[in-house]
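*Asks:* Before anything else, here's the structure in question.
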Amino acid sequence: MKIKRLYKKEIDFIYKKYVVNHFDEDELRPLKSIKYLYKKKLYKCFKAVVDNVTVGYAFFYVNGDDILLDYFGIIDKYRSKGYGSLFLRKILKKLKKKTIYIEVEDPDFSINENDRFIRERRINFYSRNGVYLSDLKVLLFDVNYRIMTSKSNDYETTKNHFLNMYISMMPLRNFEKNVVVY
1 MKIKRLYKKE
11 IDFIYKKYVV
21 NHFDEDELRP
31 LKSIKYLYKK
41 KLYKCFKAVV
51 DNVTVGYAFF
61 YVNGDDILLD
71 YFGIIDKYRS
81 KGYGSLFLRK
91 ILKKLKKKTI
101 YIEVEDPDFS
111 INENDRFIRE
121 RRINFYSRNG
131 VYLSDLKVLL
141 FDVNYRIMTS
151 KSNDYETTKN
161 HFLNMYISMM
171 PLRNFEKNVV
181 VY
């Protein structure tokens, strides 16, 4: 597996074909926002390639040494083949000097047992691949998340770095209205 950078046209294609189908509408950052952040060099996108075929993607918001994994996905027909774990481990290795933050939907706010199973499975996937589940819980744009990190930091450190990332990516009034830590 090779990790290759995505450029503008590929980002559009991956977002429109896969991201919008892999994530709930309330989890989607507008493509316009991604393009704006990309142009400002605050957003990076990568693809996982096996035998010259794209099997997955990862979109990141970058704020110095803190990185938010905004979207991570494996294209449907390549799932359950180990590509997700391999891709994530390669990303973690490539970015080992940085701290990666991952928002996972909080299982305590599941709408049913199947939803809870999916949320817990996602947390277990990241945990198996070297990501830590922090004690930080946040309400972002009306969605409850648990925060996972690539480094085992204490609550206050995780909270401060995570909040600084969000403050840097949006106007203060939007931050105050849409980001709640509990």
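In my numbering, the protein residues as written are 1 to 182.
Positions of the beta carbon are idealized from the N, C-alpha and C atoms, including for glycine.
(1) Which residues in the same chain have their Cβ closer than 6 Å to the Cβ of residue 67, if we skip the five residues on either side of it in sequence?
(2) Is the number of C-beta pairs between the segment 122-129 and the segment 87-96 that are closer than 8 Å three or more?
(3) Does residue 55 pass the burial test, meaning 16 or more other C-beta atoms within 10 Å, or should it be called exposed?
(4) Using a 10 Å radius around the Cβ and a threshold of 16 neighbouring Cβ atoms, would you call residue 20 buried or exposed?
(5) What residue does the alpha helix (DSSP H) around residue 34 start on, and which one ends it?
(6) Can you give, in chain order, each stretch of the beta strand (DSSP E) that sits fully within the segment 51-108 and has at least 3 residues?
(7) What is the DSSP secondary structure of residue 13, counted as helix, strand or coil?
(8) Considering only DSSP beta bridges, list what residue 147 is partnered with.
(9) Per DSSP, what are the beta-bridge partners of residue 5 in this structure?
(10) Here's the rule I'm using: 16 or more other beta-carbon atoms within 10 Å means buried, otherwise exposed. How should residue 51 be labelled?
(11) Could you give the C-beta distance for residue 136 and residue 155, rounded to a whole number, given that I count them as a contact under 8 Å?
(12) Can you tell me whether DSSP reads residue 132 as helix, strand or coil?
(13) Establish whether the CB of residue 152 and some CB of chain C are separated by less than 8 Å.
(14) Roughly how many angstroms separate the alpha carbons of residue 35 and residue 45, rounded to a whole number?
(15) Do you know offhand how far residue 122's Cα is from residue 172's?
(16) Leaving out five residues on either side along the sequence, give the residues of the same chain with a beta carbon under 6 Å from the beta carbon of residue 78.
*Replies:* On the basis of the supplied data:
(1) 60, 98 and 100
(2) yes
(3) buried
(4) exposed
(5) 31-39
(6) 53-63, 66-74 and 99-105
(7) helix
(8) 103
(9) 46
(10) exposed
(11) 6 Å
(12) strand
(13) Protein chains in the displayed structure number just one, and chain C is not present.
(14) 11 Å
(15) 31 Å
(16) 55
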